[in-house]
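Novice:
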Amino acid sequence: MSKLSAEFKFLDFSDYGRPIGKFIAKRFKNTRVTPIHVTWMFIFSALIAVFCIFQGHYKSAAFFILLKSGIDAADGELARLKNTPSYTGRYFDSVSDSILNLIFFFTFASVTSSSYFIAFFAYLCCQMQGTLYNFYYVILRNKTFNGDTTSRIFENKTPQALPGESQKNVNRLFRLYVILYGGFDWVIYKLDKSASKVRTMPKWFMTLVSIYGLGFQLFIMALFLAFGLKEFIVLFFIIYSFFILFFIGLRKILFS
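Position one of the sequence shown corresponds to residue 1390 (our numbering), numbered consecutively onward.
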């Protein structure tokens, strides 16, 4: 089940793991496996990738990073198949992604004897990139009636727990989400506050911005590792951030 109705669908370079996610979700639809369990699965896959990097098995690490991306798509798919959307799952997924990204960049710094400060800066750049993509994507999703309703353009208020989930868990995960994403959300919102008022986001524009989606970021990491270019990953994501202002400027110039 897509997050977008047919009229809003676009070629999403970061969503290549969706077929794997749908396959996994369908297998778990009539089981006791929950979306939270699936989130733990992609955490495990990412940590295996980290272990492989430290062991020098870079192609294996690339495989598990891509597998993580595929499993990452499965928790949301499973929630929609079981009709059990939750803020707990939404925030746990996002919090896990942020922490794992930080672990990845510190791992790259460790195995290349690079500066952890620069690696942390690359992590910040990576998070800012993903925030820009998610910002535009959520705006687009708010214009369709198909899909879940747990994502908001700007997260500034603790949501009311949905049926079947604990308000206490939602509160805790929301606080973690704000710590990890609040600053990035605020910066992007301030840079392009008027984006929420546009009538639509052209498909070609969303396709371009999708190179900042988490799935494509993980693909880049996996590609560099598979070709033995681990030394360039941190620097690449810093330079990659230069396009943020380009995309925002393009959006403001072409459609407002």
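For each residue, glycine too, the CB sits at the ideal point set by N, CA and C.
What span of residues does the alpha helix (DSSP H) with Q1556 cover, start to end?
Specialist: Where Q1556 is concerned, the enclosing alpha helix (DSSP H) stretches over 1556 to 1580.
Novice: Going by DSSP in three states, A1550 sits in which element: helix, strand or coil?
Specialist: In this structure, A1550 counts as coil in the three-state DSSP scheme.
Novice: Tell me which same chain residues have a C-beta within less than 6 Å of the C-beta of A1450, skipping the five on either side of it?
Specialist: Closer than 6 Å at the Cβ level, and outside the excluded window around A1450, lie A1438, C1441, I1442, L1614.
Novice: Quick one: grab the DSSP three-state call for M1610.
Specialist: M1610 falls in the helix class under three-state DSSP.
Novice: In angstroms with no decimal places, state the Cα-to-Cα distance between N1531 and K1592.
Specialist: Computed Cα separation, rounded: 15 Å.
Novice: According to DSSP, is E1544 part of a helix, a strand, or is it coil?
Specialist: E1544 falls in the coil class under three-state DSSP.
Novice: Nearest-angstrom Cα distance between P1474 and S1555?
Specialist: Near 13 Å, if we compare the C-alpha coordinates of S1555 and P1474.
Novice: For a quick check, are the C-beta atoms of G1445 and D1464 less than 8 Å apart?
Specialist: The answer is no: Cβ separation not under 8 Å.
Novice: At 4 residues or longer, and completely inside the segment 1423 to 1451: list those alpha helix (DSSP H) runs for me, N to C.
Specialist: As far as the segment 1423 to 1451 is concerned, its whole alpha helix (DSSP H) runs of at least 4 residues are 1424 to 1443.
Novice: When DSSP labels each residue in this structure, what does K1619 get in the three-state scheme?
Specialist: Three-state DSSP puts K1619 in a helix.
Novice: Within this structure, are the beta carbons of Y1487 and V1623 separated by less than 8 Å?
Specialist: Contrary to the premise, residue 1487 reads as Ser rather than Tyr in this sequence. Contact: no.
Novice: Would you give the residue range spanned by the alpha helix (DSSP H) that T1520 belongs to?
Specialist: Here the alpha helix (DSSP H) through T1520 covers 1505 to 1530.
Novice: Please report the distance separating the alpha-carbon of Y1566 from that of L1643.
Specialist: Straight-line Cα distance between these residues: approximately 32 Å.
Novice: Is the beta carbon of S1483 less than 8 Å from the beta carbon of G1406?
Specialist: The answer is no: Cβ separation not under 8 Å.
Novice: For the segment 1623 to 1633 against the segment 1430 to 1437, do three or more pairs of beta-carbon atoms, one drawn from each stretch, fall closer than 8 Å, so that the two count as touching?
Specialist: Taking 8 Å as the limit for Cβ pairs, the verdict is that the segment 1430 to 1437 does not touch the segment 1623 to 1633.
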